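Enquirer: Would you mind keeping the following structure in view while I ask a few things?
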Amino acid sequence: MVRRFGWALLVPCAAMSWVATAQDLPTPVPDNEVFKREDIGHALAEPTPQAGKTAASAANAPPDDGQWTMPSKNYASTRFSSLTEITPANVKDLQPVFTFSLAVNKGQEAAPIVADNTMYVVTAYPNIVYALDLAKPGAPLKWKFAPNPAPASQGVACCDVVNRGGSVDAGKYIFTTLDGQVIALDVKTGKPVWRTQLGNINMGETITMAPTVAAGKVYVGNSGGEFGVRGWVIALDESTGKLAWRAYATGPDADVLIGEGFKPYYSGEQGKDLGVSTWPAQAWKIGGGGMWGWITYDAELGALYHGTSNPGPWNQEQRPGDNKWTAGIFARDPATGAAHWFYQYSPHDEHDYDGINEQILLDMPFGGAMRKVLVHLDRDGYVYVIDRVTGQVLSADPFGPTNSTQGIDLKTGRPIVNPEKSTKVGQTVHNICPTASGSKDWNPSSFSPQTGLIYIPHENMCMDWMDMQVSYIEGTPYVGAEVHMKAGPGGNRGELTAWDPVMRKPVWQIKENFPIWSGTVVTGGDVVFYGSMDGWFKAVNAKTGEVVWKYKVDSGIISQPVSYKGPDGHQYIAVLSGVGGWSGAVVSGPVDPRDGSAALGMVNAMSDLPKYTTAGGTLYVFALPH
Amino acid sequence: MCSHFRIEKRTSAGLKAGGVLRVTVAVLAAGVGLSLMAGCSKTWQPPKAAVSSVAPGQQQTPIDSALSPGTGHSMVVNDPRVAKYYDNADAVNKGRILFGQFNCSGCHSNGGGGIGPDLMDDEWIYGGRIEQIHETIVDGRPNGMPAWGGKIPDEQIWEIATYVRSMSLPQTLAAETGNTPSQSPAPVPASADQGNGWSPPADTTNDYTMTTKGSD
Chain F
224 MVRRFGWALL VPCAAMSWVA TAQDLPTPVP DNEVFKREDI GHALAEPTPQ AGKTAASAAN
284 APPDDGQWTM PSKNYASTRF SSLTEITPAN VKDLQPVFTF SLAVNKGQEA APIVADNTMY
344 VVTAYPNIVY ALDLAKPGAP LKWKFAPNPA PASQGVACCD VVNRGGSVDA GKYIFTTLDG
404 QVIALDVKTG KPVWRTQLGN INMGETITMA PTVAAGKVYV GNSGGEFGVR GWVIALDEST
464 GKLAWRAYAT GPDADVLIGE GFKPYYSGEQ GKDLGVSTWP AQAWKIGGGG MWGWITYDAE
524 LGALYHGTSN PGPWNQEQRP GDNKWTAGIF ARDPATGAAH WFYQYSPHDE HDYDGINEQI
584 LLDMPFGGAM RKVLVHLDRD GYVYVIDRVT GQVLSADPFG PTNSTQGIDL KTGRPIVNPE
644 KSTKVGQTVH NICPTASGSK DWNPSSFSPQ TGLIYIPHEN MCMDWMDMQV SYIEGTPYVG
704 AEVHMKAGPG GNRGELTAWD PVMRKPVWQI KENFPIWSGT VVTGGDVVFY GSMDGWFKAV
764 NAKTGEVVWK YKVDSGIISQ PVSYKGPDGH QYIAVLSGVG GWSGAVVSGP VDPRDGSAAL
824 GMVNAMSDLP KYTTAGGTLY VFALPH
Chain S
65 MCSHFRIEKR TSAGLKAGGV LRVTVAVLAA GVGLSLMAGC SKTWQPPKAA VSSVAPGQQQ
125 TPIDSALSPG TGHSMVVNDP RVAKYYDNAD AVNKGRILFG QFNCSGCHSN GGGGIGPDLM
185 DDEWIYGGRI EQIHETIVDG RPNGMPAWGG KIPDEQIWEI ATYVRSMSLP QTLAAETGNT
245 PSQSPAPVPA SADQGNGWSP PADTTNDYTM TTKGSD
């Protein structure tokens with residue numbers, strides 16, 4: 224019900240008297256509409272914590288040098304900083320030491336990168352890169368690089384014009400642009416060493432991910448699962464930018480780089496040209512399966528792991544079949560791209576559950592022995608612990624509200640789909656959990672070897688969904704669904720969960736009003752940092768979950784905080800403000816909060832965000848007084 | 065009607081669109097500022113004198129400019145083809161269906177936007193009259209709007225434009241029930257695009273993030 228107020232217009236010069244916002248927030252999904260974690264979580268064996276201590280291997284998480292050269296901190300993707308100066312006891316004294324305006328008021332998702340006493344930040348479109356000199360007072364600008372991506376790329380970016388960061392390696396800062404370029408800058412001069420055009424915006428392809436730089440190559444994939452792209456992952460030669468290999472996510476085996484060495488664990492992934500035969504004729508050519516999240520390099524096993532995005536269109540009735548190889552994970556040979564194994568989290572995905580979230584590489588006790596696993600927090604709401612040698616799922620437990628599936632069948636690897644939450648053309652299915660953006664979206668978790676816990680920043684949201692017939696028109700959205708999101712049980716839209724992967728349960732949880740769209744970082748001082756969409760940067764006791772410090776910044780936070788050792792030997796914490804992204808488009812985008820279906824249905828759950836924050840974009844760096 | 069906020073926004077949009085005017089930004093901005101201070105209840109008047117060049121070393125004094133801010137309705141005026149789409153219920157209803165079929169809704173949702181701008185408020189980058197919306201659909205726009213001219217029959221582009229124009233009509237907004245607007249589009253009255261072109265519905269302000277409604 225929208226009641227109209229006339230008085231604002233009666234006040235002369237009342238341009239500032241904006242009143243209220245949007246529609247009313249939808250009613251949260253009742254508790255009894257989701258399954259209990261204990262009822263649908265499964266594992267192949269009982270927990271055996273006595274078999275050893277969970278940690279990343281030295282090859283994937285070498286001793287901390289105090290820098291932060293890649294968004295994931297290390298190949299293991301622990302996002303653990305061993306620095307101990309800041310503790311739960313003294314963090315109350317933390318204060319900003321410098322800030323820097325990014326001059327871009329769109330969603331800032333990048334991690335600040337620190338190497339050789341220089342900090343590198345890349346902004347949302349137009350993807351400006353700043354290099355700041357940490358050795359000088361106030362960290363002055365060393366250089367700035369503006370890649371000038373094609374403005375039309377904004378029109379094929381599904382969910383704000385974000386960028387998830389760059390990496391420094393071998394004297395280069397390597398990042399991507401929205402219009403599909405990968406660029407390597409000389410860290411000394413800020414001038415391009417090479418720039419390679421990969422994506423084609425006329426086909427709906429953009430690039431938003433942080434490239435993974437390892438083993439002399441740069442690994443990157445395309446966005447566009449909502450535009451009918453054909454997903455791919457590409458390896459470029461790190462020194463020249465030249466193409467080394469490309470692996471598609473759909474189509475004939477030869478295109479997917481599936482050959483004799485392909486040994487998937489489950490029979491459902493075995494067979495010839497499944498990337499063609501699990502689709503209606505030709506549909507694989509516009510079937511999605513992009514890669515816009517986290518590609519993980521395993522220095523210990525010489526492997527590469529990457530997820531694949533949702534199949535397209537969202538309207539599942541237009542693509543009967545398992546839709547290989549979307550919404551799953553590949554293990555590949557980093558040198559050739561040849562597939563080792565594949566596991567599909569969501570065969571024939573009906574809810575936009577991309578498989579592109581992070582993989583944390585750990586050695587973990589399971590079934591009485593230490594196993595080399597990857598832990599993946601999927602959009603579908605499960606913590607997957609997967610043997611990264613074989614691709615076998617060892618355990619799968621929900622960490623958020625779930626009713627679209629009733630657990631993962633560990634014999635077949637397939638989710639047990641709940642037919643009541645299956646989506647349909649012309650009929651709205653209510654209260655599907657998790658929502659399209661998942662129990663957790665792209666924003667990465669962290670792992671502390673000290674506590675053995677994974678700090679998962681995530682959502683507590685559900686949705687109503689109606690499929691609609693959609694035509695493929697090149698360069699336009701290929702979605703075919705009308706979605707309205709809402710809060711999950713309890714009404715809080717976000718949660719920070721400290722998850723014990725060995726015991727398969729949460730140890731503590733913090734509820735947030737808005738979905739948590741920032742990453743987390745955890746430190747040797749046992750402090751977890753994260754940001755909220757209403758603009759609080761928070762420090763949490765990693766053991767207890769007690770919020771021990773918070774600081775209000777100029778705009779909501781959806782980026783990746785980092786911890787580093789400055790030139791003076793002290794510990795610093797850096798984070799970007801700047802709300803936006805899919806969840807924040809109602810603030811950063813040209814979006815009207817009265818339309819709940821706007822921004823792919825996210826606005827329905829987020830129409831009150833403009834009351835709490837405005838668009839922005841600022842680097843904040845904090846330290847203890849010294 | 066206090067309209068200075070809209071003038072200011074359109075000024076900056078006009079300057080951005082026509083980069084050749086960059087030299088005059090400061091002068092023009094000053095002119096607009098002065099007119100705002102004069103009181104928003106008055107009709108905005110363009111300054112009279114032209115910009116004059118200043119020789120090196122000579123002191124710059126405040127001058128009036130004959131330039132006026134770019135307005136959203138200067139691109140197409142009085143396209144005779146538009147007439148039949150006013151007061152035309154059939155056109156808005158056909159336009160609503162076409163809006164979905166050509167994936168307009170993929171970017172603009174049900175008028176609330178997402179990938180592309182929202183269309184149900186009073187903010188128009190390229191003009192909000194039916195003929196201007198038609199032109200935007202035909203030619204496309206540089207920040208991602210595809211050019212549909214020749215790809216959709218022109219008659220249908222007019223119908224889509226008419227539906228888009230209807231989204232922000234008070235009658236269409238009033239018909240909104242729940243969280244999915246623009247489902248019962250009102251025919252566009254000819255008066256809606258008369259005079260100074262477009263005027264905002266009585267219940268919205270000039271910022272698309274804020275809409276007047278009941279207390280909460």
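These protein sequence lines are chains F and S, in that order. Heads up: the first sequence at position 486 corresponds to 709 in my numbering, and the numbers run straight through without jumps. Heads up: the second sequence at position 65 corresponds to 129 in my numbering, and the numbers run straight through without jumps. Where a beta carbon is used, it is the ideal one built from N, C-alpha and C, also for glycine. This structure is a prediction, so every number in the text was calculated from the model and none was measured.
Is residue 639 of chain F buried or exposed, if buried means 16 or more other CB atoms sit within 10 Å of its CB?
Expert: Mapped onto the first sequence, residue 639 of chain F falls at position 416. When all chains shown are included, residue 639 of chain F counts as exposed.
Enquirer: Taking Cβ positions only, does residue 707 of chain F come closer than 7 Å to chain S?
Expert: If you number the first sequence from 1, residue 707 of chain F lands on position 484. Output row for residue 707 of chain F: interface = yes.
Enquirer: Would you say the region 697–704 of chain F touches the region 159–171 of chain S, given that touching needs at least three Cβ pairs under 8 Å?
Expert: yes
Enquirer: Would you report the Cα separation of residue 586 of chain F and residue 790 of chain F, rounded to the nearest angstrom?
Expert: The residue labelled residue 586 of chain F in the question sits at position 363 within the first sequence. The residue labelled residue 790 of chain F in the question sits at position 567 within the first sequence. If you take the alpha carbons of residue 586 of chain F and residue 790 of chain F, they lie about 33 Å apart.
Enquirer: If I follow the unbroken alpha helix (DSSP H) through residue 169 of chain S, where does it start and stop?
Expert: Residue numbering aside, residue 169 of chain S sits at position 105 when the second sequence is read from its first letter. Taken as a continuous stretch (DSSP letters only), the alpha helix (DSSP H) holding residue 169 of chain S covers 168–172.
Enquirer: Determine the DSSP secondary structure at residue 321 of chain F, reduced to helix, strand or coil.
Expert: In the first sequence, residue 321 of chain F corresponds to position 98, counting from 1. Strand.
Enquirer: Residues of chain F with CB closer than 8 Å to the CB of residue 177 of chain S, please, in chain order.
Expert: Position 113 of the second sequence holds residue 177 of chain S. Simply 812, 813, 814, 815, 818, 821, 822.
Enquirer: Run down chain F in chain order and give the residues with a C-beta less than 9 Å from the C-beta of residue 166 of chain S.
Expert: Reading the second sequence from its first residue, position 102 is the one you call residue 166 of chain S. Correct list: 694, 696, 699.
Enquirer: Which class does residue 774 of chain F belong to by DSSP, given the choice of helix, strand or coil?
Expert: Sequence index remark: in the first sequence, residue 774 of chain F carries index 551 (1-based). The DSSP-derived three-state label of residue 774 of chain F is strand.
Enquirer: Report yes or no: is there a C-beta of chain S within less than 7 Å of the C-beta of residue 174 of chain F?
Expert: A question about residue 174 of chain F goes unanswered here, because the residues of chain F that appear run from 224 up to 849.
Enquirer: Is the distance from the Cβ of residue 801 of chain F to the Cβ of residue 778 of chain F below 7 Å?
Expert: Locating residue 801 of chain F in the first sequence gives position 578, where the first residue counts as 1. Locating residue 778 of chain F in the first sequence gives position 555, where the first residue counts as 1. Against a cut-off of 7 Å, the Cβ pair of residue 778 of chain F and residue 801 of chain F comes out as a contact.
Enquirer: So with Cβ pairs under 7 Å, would you call residue 213 of chain S a contact of chain F?
Expert: Taking the second sequence and counting its residues from 1, one reaches residue 213 of chain S at position 149. Chain F, which has no Cβ nearer than 7 Å to the Cβ of residue 213 of chain S, makes this no.
Enquirer: Please tell me whether residue 285 of chain S has its Cβ less than 7 Å away from any Cβ of chain F.
Expert: No answer is possible for residue 285 of chain S: the residues shown for chain S start at 65 and end at 280.
Enquirer: Using DSSP with H/G/I as helix, E/B as strand and the rest coil, what is residue 689 of chain F?
Expert: Sequence index remark: in the first sequence, residue 689 of chain F carries index 466 (1-based). Strand, per DSSP.
Enquirer: Taking 8 Å as the cut-off, does the region 456–474 of chain F touch the region 437–447 of chain F (at least 3 CB pairs, one atom from each stretch)?
Expert: yes
Enquirer: Considering only the alpha carbon of each residue, which of F:653, F:609, F:603 lies closest to residue 630 of chain F?
Expert: Numbered from its first residue, the first sequence carries residue 630 of chain F at position 407. Of the candidates F:653, F:609, F:603, the one whose C-alpha sits nearest the C-alpha of residue 630 of chain F is F:603.
Enquirer: Look at residue 675 of chain F and residue 271 of chain F and say whether their C-beta atoms are less than 7 Å apart.
Expert: As a first step, residue 675 of chain F is located in the first sequence; it is residue number 452 there, counting from the start. As a first step, residue 271 of chain F is located in the first sequence; it is residue number 48 there, counting from the start. Between residue 675 of chain F and residue 271 of chain F, the C-beta spacing is not below 7 Å.
Enquirer: With which residues is residue 552 of chain F paired in a DSSP beta bridge?
Expert: As a first step, residue 552 of chain F must be located in the first sequence, where it is residue number 329. Its beta-bridge partners are F:530, F:566.
Enquirer: Taking CB distances under 7 Å as the criterion, tell me whether residue 377 of chain F reaches chain S.
Expert: For the purposes of this step, residue 377 of chain F is identified with residue 154 of the first sequence, where counting begins at 1. Yes, residue 377 of chain F lies at the interface with chain S (some Cβ there is under 7 Å from its Cβ).
Enquirer: Distance cutoff 7 Å, beta carbons only. Does residue 374 of chain F sit that close to anything in chain S?
Expert: To locate residue 374 of chain F, count along the first sequence from 1; it is residue 151. Taking Cβ atoms only, chain S reaches closer than 7 Å to residue 374 of chain F, which makes this a yes.
Enquirer: For residue 707 of chain F, which three-state DSSP category applies?
Expert: Stepping through the first sequence from its first residue, residue 707 of chain F is reached at position 484. Of the three classes helix, strand and coil, the one that applies to residue 707 of chain F here is strand, per DSSP.
Enquirer: Going along chain S in order, which residues have a C-beta closer than 8 Å to the C-beta of residue 656 of chain F?
Expert: Taking the first sequence and counting its residues from 1, one reaches residue 656 of chain F at position 433. Result: empty, since nearest Cβ-Cβ is about 18 Å, beyond 8 Å.
Enquirer: Can you tell which of F:716, F:796, F:327, F:469 has its C-alpha closest to the C-alpha of residue 252 of chain F?
Expert: As a working note, residue 252 of chain F is residue 29 in the first sequence. Of the candidates F:716, F:796, F:327, F:469, the one whose C-alpha sits nearest the C-alpha of residue 252 of chain F is F:716.
Enquirer: State buried or exposed for residue 181 of chain F, treating a residue as buried only when at least 16 other CB atoms are found within 10 Å of its CB.
Expert: Within the shown structure, residues of chain F are numbered from 224 to 849, placing residue 181 of chain F beyond reach of any answer.
Enquirer: Given a threshold of 16 other Cβ atoms within 10 Å of its Cβ, counted over all protein chains shown, does residue 105 of chain S qualify as buried or as exposed?
Expert: Reading the second sequence from its first residue, position 41 is the one you call residue 105 of chain S. Reliability of the predicted coordinates at residue 105 of chain S is poor, the pLDDT of 39 falling under 50, and the value obtained from them is presented with this limitation in mind. Residue 105 of chain S should be labelled exposed.
Enquirer: Candidates F:837, F:840, F:823, F:843: which alpha carbon is nearest residue 243 of chain S's?
Expert: Against the second sequence, residue 243 of chain S aligns to sequence position 179. Residue F:823 is the option with its Cα nearest to residue 243 of chain S.
Enquirer: What is the DSSP secondary structure of residue 252 of chain F, reduced to helix, strand or coil?
Expert: If you number the first sequence from 1, residue 252 of chain F lands on position 29. Three-state result, residue 252 of chain F: coil.
Enquirer: Quick one: Cα of residue 632 of chain F to Cα of residue 191 of chain S, how far?
Expert: Sequence index remark: in the first sequence, residue 632 of chain F carries index 409 (1-based). Sequence index remark: in the second sequence, residue 191 of chain S carries index 127 (1-based). Using only the alpha carbons, I get a separation of about 56 Å.
Enquirer: Once DSSP output is grouped into helix, strand and coil, what is the label at residue 764 of chain F?
Expert: Taking the first residue of the first sequence as position 1, residue 764 of chain F is located at position 541. Residue 764 of chain F falls in the strand class under three-state DSSP.
Enquirer: Which first and last residues belong to the beta strand (DSSP E) in which residue 654 of chain F is found?
Expert: Here residue 654 of chain F refers to the residue found at position 431 of the first sequence. Residues 652–655.
Enquirer: Residues of chain F with CB closer than 8 Å to the CB of residue 63 of chain S, please, in chain order.
Expert: The shown model of chain S, from 65 to 280, leaves out residue 63 of chain S, and the question about it has no answer.
Enquirer: What does the alpha-carbon distance come out to for the pair residue 839 of chain F and residue 755 of chain F?
Expert: Residue numbering aside, residue 839 of chain F sits at position 616 when the first sequence is read from its first letter. Residue numbering aside, residue 755 of chain F sits at position 532 when the first sequence is read from its first letter. Answer to the nearest angstrom: the Cα atoms are 14 Å apart.
Enquirer: On the three-pair Cβ rule with 8 Å, is the region 357–376 of chain F touching the region 306–318 of chain F?
Expert: no
Enquirer: Note down, one range per segment and in chain order, each beta strand (DSSP E) of at least 3 residues found wholly within the region 291–350 of chain F.
Expert: 318–324, 336–338, 341–345
Enquirer: Report the neighbours of residue 685 of chain F on chain S: residues whose CB is nearer than 9 Å to its CB, in chain order.
Expert: In the first sequence, the residue the question calls residue 685 of chain F occupies position 462. Simply none; closest approach about 15 Å.
Enquirer: Under a three-way DSSP split, which group does residue 223 of chain S fall into?
Expert: Here residue 223 of chain S refers to the residue found at position 159 when the second sequence is read from its first residue. Three-state result, residue 223 of chain S: helix.
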